[in-house]
Amino acid sequence: MANARTATLAIDRAFKISEVDPRIFGSFIEHLGRAVYEGIYEPGHPKADKNGFRTDVAELVKELGVPLVRYPGGNFVSGYNWEDGVGPADKRPRRLDLAWKTVEPNLVGVNEFAHWAQLVGAEVNMSVNLGTRGPDEARALVEYCNHAGGSQWSDLRVSHGERDPHRFRTWCLGNEMDGPWQISHKTAEEYGRVACEAAKVMKWVDSTIELVACGSSNTRMATYPSWEMAVLDHVYDHVDYISLHSYYGNQENDIDNFLAKSLDMDSYIRTVIAACDVTQAKHRGKKVINLSFDEWNVWFHSHEDDKKVEPWTVAPHLLEDIYTFEDALLVGCLLITLLRHADRVKIACLAQLVNVIAPIMTEKGGPAWRQSIYYPFLHASRYGRGTALEVVVSSPRYDSKDFTDVPFVEATAVHNEPERELTIFAVNRDKQGDMNVEADIRTFENYRLVEHLVLENNDLKAVNAKGKETVSPHTLTGDKVDGGRLQMRLPKLSWNVIRLKG
Ligand code: AHR
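For the sequence shown, my numbering gives the first residue as 1, with consecutive numbering after it.
Structure (structure tokens):
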């Protein structure tokens, strides 16, 4: 391309950020809309197994390689009685869920979800209700799920047909407790105290569990980041992670600004790391608090439709964003940002997984299909395992409405040493044209190009639909490796996965 801009990448196998914790490719299923009912679970569906789980959905989840799924909320968890979802299904209550104004039939609860997670090869990231409930119910739930037997709650589980404990490893101490929309919203002091006391007794029941305290709901909260400072001060000795949540949208139809929104995620992560480290110093502690970015995605398409949804029904169509090609590009930038912080972001959950702001959609009685955002997530999850490398990107930059100095090229690389594979992930944010990129890969002697996968589309608003994948990747030819230099072309506005093997 005659007028293409140019950029360079310096990639050195010695410049290691950290091993990528596979849990950063986690996701989330909440009792919300059609995530559970008509999503993962639909008895009577032609593809349902004997437990009512849709095997077509399970296959797509397995294809995505999701190693961890957060459950059961979300805002839902702050009013949830976990006991409602265990025991004989015909005895379980139908409850009003005040978070989403729906009726929860409790046909799926913790035991069913544990079985589904096993089916898809994921671990459960369990949440406890610190809204309407507290330490007592939280410790009972840990005992029910993780204790082998010989006590009230573990024996109750055994009596429900679950002889073996689930041994859930990671647990969230409530959800978005800083948000006034939350059932039993709390101040940082109120939450910090209850989270500290819940954490203590939960770990006394099972000392092997890891705990996630609630951070801010997003960077626009008036209490951000003083919330983190106050909460961490209370919980430092008892938790392992603090959570971050963020959703982005292109309400203003401004592609330059929209694609720059991963810079907000980047500065959010940096700020929360700083809060963790200051707290560690203040407590004269040895323990490093890591980050669980346990809700992230694009979310804005469904806002207006959701206002029209009839309240108090079971599994209404809520938060059913249909994702565009440009959304997939931002998801790519967000994945790159998470990988670049692999030293501190150890858990991350694409929110959510099925039907609700999700990469996978289903039709009741019909097929399941892949949204546009499915693909960058699939690629990162499949090829982003290994050691995250510090890539030096020299790229032309631009200013947008909310951001300055935005690099046109967003890139990172992951080295899978045992497999001798190097994967470069890159987004070209430039709407004017292709970007010619030269990557210095001299320390990867004898690595050859395997493939260059690309997601590109002339229509930024292109979407997928049932039986029609308008947005899907293809391979690009023309890249060259010569003398330790990789020459590649990133098409204008594209997500790229460049795979090399030694
Ligand atoms: O993921 C949808 C909702 O977004 C979650 O329930 C809540 O935690 C967040 O506000």
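Every residue, glycine too, gets a C-beta built ideally from N, C-alpha and C.
What you are looking at is a predicted structure, and each value in this text was computed from that prediction instead of being measured.
Taken through DSSP and simplified to helix, strand or coil, L453 comes out as strand.
When secondary structure is reduced to three states using DSSP, D206 falls in the coil class, being assigned neither helix nor strand. Sequence-distant Cβ neighbours of D266 in its own chain, meaning closer than 6 Å and more than five residues away, are T337. In this structure, G285 sits away from V235, with a CB-CB distance that is not shorter than 8 Å. A distance below 6 Å between beta-carbons, with the five flanking residues on each side excluded, links A10 to the following residues of its chain, in chain order: V392, D440. Per DSSP, I269 is one residue of the alpha helix (DSSP H) stretching across 262-282. When A462, N464, S246 are compared, the shortest CA-CA separation from R220 is found for S246. Taken atom to atom, the span from the alpha-carbon of E30 to that of W100 is near 11 Å. Cβ contact annotation for C172 (same chain, cutoff 6 Å, sequence separation greater than five): S127, V212, in chain order. Contact between E189 and Q182 is ruled out by a C-beta separation of about 16 Å, above the 8 Å threshold. Along the segment 46-77, the alpha helix (DSSP H) occurs as fully enclosed runs of 4 or more residues at 55-64, listed in sequence order. Note on D305: under 16 other CB atoms within 10 angstroms of its CB, so exposed under the neighbour-count rule. Straight through space, the alpha carbons of L263 and K480 are spaced by roughly 30 Å. The three-state reading of DSSP puts V231 in helix, counting H, G and I together. Proximity of the segment 254-263 to the segment 303-321 falls short of the contact definition, fewer than three beta-carbon pairs being nearer than 8 Å. If only uninterrupted alpha helix (DSSP H) runs of at least 4 residues are considered, those enclosed by the segment 270-350 are 303-306, 325-340. Pairing L378 with S151, the inter-Cα distance amounts to about 42 Å. Under the Cβ criterion (8 Å, minimum of three pairs), the segment 16-32 counts as touching the segment 64-73. Where A413 is concerned, the enclosing beta strand (DSSP E) starts and stops at 409-416. Between K200 and the set K186, D240, V108, S216, the nearest pair of CA atoms involves D240. A buried status is given to V124, since no fewer than 16 other beta-carbon atoms sit within 10 Å of its beta-carbon. For the pair M361 and D327, the Cα-to-Cα distance works out to about 16 Å.
Ranked by how close their Cα comes to the Cα of Y80, the residues I273, E104, K307, E445 have E104 in first place.
Distance from the C-beta of L32 to the nearest heavy atom of the ligand AHR is below 7 Å. For I183, the distance from the CB to the nearest heavy atom of the ligand AHR is not below 7 Å. In the three-state DSSP reduction, K364 falls in the coil class, being neither helix nor strand. With respect to W299, P376 sits apart: the two C-beta atoms are not nearer than 8 Å.
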